[in-house]
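The structure under discussion appears below in the form of structure tokens.
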Amino acid sequence: MDNIIIDKIIENIEKVIIGKRKIIELVIIALLA
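Going by my numbering, the sequence shown opens with residue 50, and the numbers climb by one from there.
Listed below in structure tokens is the structure:
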């Protein structure tokens, strides 16, 4: 098992989740504004 590959996949998933959260936050701010 290559832990390096798994770590990279996890990092990419975390980046996607963070990106989606930021987009959702911007949408909420836009709706409230």
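Built from N, CA and C at the ideal position, the CB exists for glycine as well.
Since this is a predicted model, take the numbers as computed values, not measurements.
Problem - Rounded separation between D56 and E63 - CA only - result: 10 angstroms
Handout entry: Alpha carbon of V65 to alpha carbon of A82, nearest angstrom
Key = Straight-line Cα distance between these residues: approximately 26 angstroms.
Handout entry: Range of the contiguous alpha helix (DSSP H) that encloses A82
Key = That residue, A82, is in no alpha helix (DSSP H); it is neither H nor E in DSSP.
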